[in-house]
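Chains as they are written, first to last, in the numbering used here: chain A, 18 to 298; chain B, 1224 to 1435.
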Amino acid sequence: MSREYATNDWYPVADAARMIPGHGFTTRLLGEPLEVSGSFENPVVTARDGRMLPVQVRYGHVWTTTGSAPRPLFDIAEADETDRTFVPCGAVQVRCSPLRAVENFLDIAHFPFVHTGILGEEPHTQVAPYKVEIREDADEVWATQIGFHQPQAAKSATEAIETRYEYRVPAPTTAVLYKTCPPKPEAWDVIAIFVQPVAEDMCIAWPWMALYDDVSPYADLVQFQQEIFLQDRSILENQKPTLLPLDPRMEIPTRCDLTSVVYRRWLKRKGATYGALTTAA
Amino acid sequence: MTSVAVGLSRDLAAKRVMRAEVQGYDIAVWRDENGGLHAWNNRCPHRGMRLSHGFVRDGHLACLYHGWHFRKDGGCAYIPAHPELEPPETISATVFSITENAGVIWVSATDTAKAPAEDGEWEPLRSLSFACPPEKVRHAIENTPFAGQLPERAASGHLTAGSTALLVHCAPLGDAETLAHLLVAAGTSLAGRKALSRWCETARESAEAGPA
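#1: Please decide whether A:ALA126 counts as near chain E, where near means a Cβ-Cβ distance under 9 Å.
#2: In chain A, which residues lie less than 9 Å from B:MET1272 when you measure between Cβ atoms?
#3: With DSSP as the reference, label A:CYS220 as helix, strand or coil.
#4: Give me the Cα-Cα distance between A:TYR235 and A:CYS198, rounded to the nearest whole angstrom.
#5: Between A:THR161 and the rest of its own chain, which residues show a CB-CB distance below 6 Å, the 5 nearest in sequence each way excluded?
#6: Just mark A:THR83 as buried or exposed, buried being the case when its beta carbon has 16 or more other beta carbons within 10 Å.
#7: Scan the stretch 133 to 150 of chain A for residues whose Cβ lies nearer than 9 Å to a Cβ of chain B and list them as they occur along the chain.
#8: In chain A, what lies closer than 7 Å to B:TYR1288 by C-beta?
#9: Who are the near neighbours of B:GLU1312 in its chain, counting only those whose CB is closer than 7 Å to its CB and skipping five residues on each side?
#10: What separation, rounded to the nearest whole angstrom, lies between the Cα atoms of B:LEU1260 and B:SER1320?
#11: Is A:TYR291 near A:SER85, with beta carbons less than 9 Å apart?
#12: Please report the straight-line C-alpha distance between A:SER173 and A:SER233, rounded to a whole angstrom.
#13: Are the stretch 243 to 252 of chain A and the stretch 262 to 269 of chain A in contact at 8 Å, needing three or more beta carbon pairs?
#14: Have a look at B:VAL1252 and B:ALA1236 and give me their C-alpha separation to the nearest angstrom.
#15: What does a CB cutoff of less than 7 Å around A:ALA126 pick up in its chain, not counting 5 residues either side in sequence?
#16: Beta-carbon of A:THR310 versus every beta-carbon of chain B: anything under 9 Å?
#17: Can you grab the Cα-Cα spacing for the pair A:ALA216 / A:TRP27, in whole Å?
#18: When the Cβ atoms of the stretch 55 to 69 of chain A are set against those of the stretch 183 to 193 of chain A, are three or more pairs found closer than 8 Å?
#19: Please name the residues in the stretch 1301 to 1323 of chain B whose beta-carbon is closer than 9 Å to at least one beta-carbon of chain A, in chain order.
#20: Residue range of the alpha helix (DSSP H) that A:LEU136 falls in?
#21: Using beta carbons (cut-off 9 Å, strictly below), is A:CYS273 in contact with chain B?
#22: Which chain B residues sit within Cβ distance under 7 Å of A:ILE269?
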């Protein structure tokens, strides 16, 4: 339940391209109201007490932090590759813990059942062994050597393929997916989920993509991602408890859940427990 | 009597799943392909997903999230991500007691479910939700005239009004809502059933309008 760790991370609060001068709005972060205003070039985020919070525009979003000693925002190198198409996918508000939203993003075993016909389909349900590690130098969780049969791995996919995946968790409320790019198999498409922790039991997911796809219209790319996130929301709002349990006795993992097991362990070790249950209910 | 009426038998077909609340527990109720009923804690032991969103296949209830199959005894039978794996016996849904009688499904979260013995033959009318607790539902139903006269409560518990009869089973949902399951005397005409249904809606307006 600790807010202390959480206050020193950076969080997305707006799609930068959709900032309209003179049309500020209120949102919430870590349970506190914020005012977001200004423009793409000069966004302004104000706390309830009138304090102007630090701001940066990165990965298509406006980021802020409420803490006194913020950790640096993680780096996604592909954001600087100018031949990619960058696609902010809007916002999906979900009544669940921000950590549950990240954990779901790291999970492939649900694809055949929740994203049927798109990211997976029966009988291709098997999850082969893969590798998970905490990279101590960067303090990140990485899952690598993942492969999965996908009917339509991306908007640009024309047939089912064996997709390769790598997952990276650079911060408790962010997950980055590197996945086979259907039209350019030697490269990775990058799909990230930036999660704004509105409260411990409420979050806004801001999906963002850096793709090699210069064919699909922007609206189609967003539609593809939104459909997938809305399917996930129907799961996330029906998990009990709403907070992510860190006590290993509360939920039973199997072999394919290794990423989740390491993610939970990493959160617990860091004390990154905003949105988590730390004792058995 | 700790059993709670969770629904009308007619409304839960074979291979269907529904959600119920019993004594504060969130429950998944499902009917297998042979008509057998099952009531489980509404939580998959894997990731906490509500099993009431799941699907019935191969005589099992499967969780919608990752497709884990659970046998009728609650034990995990199959994990699709690892088709060759024999799931450990420790993975199990929590099973509650369930029964059905005279067209009504009864669940207990604390002991063996028992259905009350009913006097006479009954047919399901409908289930109706009320935004008030069961006491107010009962009070409103007994004090709403049907065809010009107040219904009378028979010794066995059902209500009679003229030549018609109504059996009401109330299940509380939280502190402020009720799900009422309504049955009519077998053989009641369609016109009679419609009139009783409208009368219950009138009683609901009165129950929900009354002082808190």
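Cβ atoms here follow ideal geometry from the backbone N, Cα and C, with glycine treated the same way.
With the structure as the only source:
#1: Looking for chain E here will not work: the only protein chains present are A and B.
#2: Counting from 1 along the second sequence, the entry for residue 1272 of chain B is found at position 49. Residues of chain A passing the Cβ test: ILE252, ASN255, GLN256 and LYS257.
#3: Within the first sequence, residue 220 of chain A is the residue found at index 203, counting from 1. Three-state DSSP puts A:CYS220 in a strand.
#4: For the purposes of this step, residue 235 of chain A is taken as the residue at position 218 of the first sequence. For the purposes of this step, residue 198 of chain A is taken as the residue at position 181 of the first sequence. So the alpha carbons of these two residues sit roughly 17 Å apart.
#5: Numbered from its first residue, the first sequence carries residue 161 of chain A at position 144. LYS148 and GLU183.
#6: Stepping through the first sequence from its first residue, residue 83 of chain A is reached at position 66. Buried is the call here.
#7: GLU139, PRO140, THR142, GLN143 and VAL144
#8: As a first step, residue 1288 of chain B is located in the second sequence; it is residue number 65 there, counting from the start. Correct list: HIS127, PHE130, VAL131 and ILE252.
#9: Along the second sequence, read from residue 1 onward, the residue named residue 1312 of chain B stands at position 89. Around B:GLU1312: GLY1298.
#10: Translated into the one-based positions of the second sequence, residue 1260 of chain B becomes position 37. Translated into the one-based positions of the second sequence, residue 1320 of chain B becomes position 97. Distance between the alpha carbons of B:LEU1260 and B:SER1320: 9 Å.
#11: Here residue 291 of chain A refers to the residue found at position 274 of the first sequence. Here residue 85 of chain A refers to the residue found at position 68 of the first sequence. Cβ atoms of A:TYR291 and A:SER85: not closer than 9 Å.
#12: Counted from its first residue, the first sequence places residue 173 of chain A at position 156. Counted from its first residue, the first sequence places residue 233 of chain A at position 216. Whole-angstrom Cα-Cα distance: 7 Å.
#13: no
#14: What you label residue 1252 of chain B is simply residue 29 of the second sequence in a count that begins at 1. What you label residue 1236 of chain B is simply residue 13 of the second sequence in a count that begins at 1. Approximately 11 Å between the Cα atoms of the pair.
#15: Locating residue 126 of chain A in the first sequence gives position 109, where the first residue counts as 1. Cβ neighbours of A:ALA126 beyond the five flanking positions: VAL144 and CYS273.
#16: Chain A is shown only over 18 to 298; residue 310 of chain A falls outside these bounds and no answer can be derived.
#17: Numbered from its first residue, the first sequence carries residue 216 of chain A at position 199. Numbered from its first residue, the first sequence carries residue 27 of chain A at position 10. Using only the alpha carbons, I get a separation of about 15 Å.
#18: no
#19: ILE1302, PRO1303, ALA1304, HIS1305, PRO1306, GLU1307, LEU1308, PRO1310, PRO1311, THR1313 and ILE1314
#20: Residue 136 of chain A sits at position 119 when you count from the first residue of the first sequence. A:LEU136 -> no alpha helix (DSSP H), and no H or E assigned at all.
#21: The count along the first sequence starts at 1 and reaches residue 273 of chain A at position 256. So yes, A:CYS273 belongs to the interface.
#22: On the first sequence, residue 269 of chain A is found 252 positions in, with the first residue counted as 1. PRO1268, HIS1269 and ILE1314, listed in chain order.
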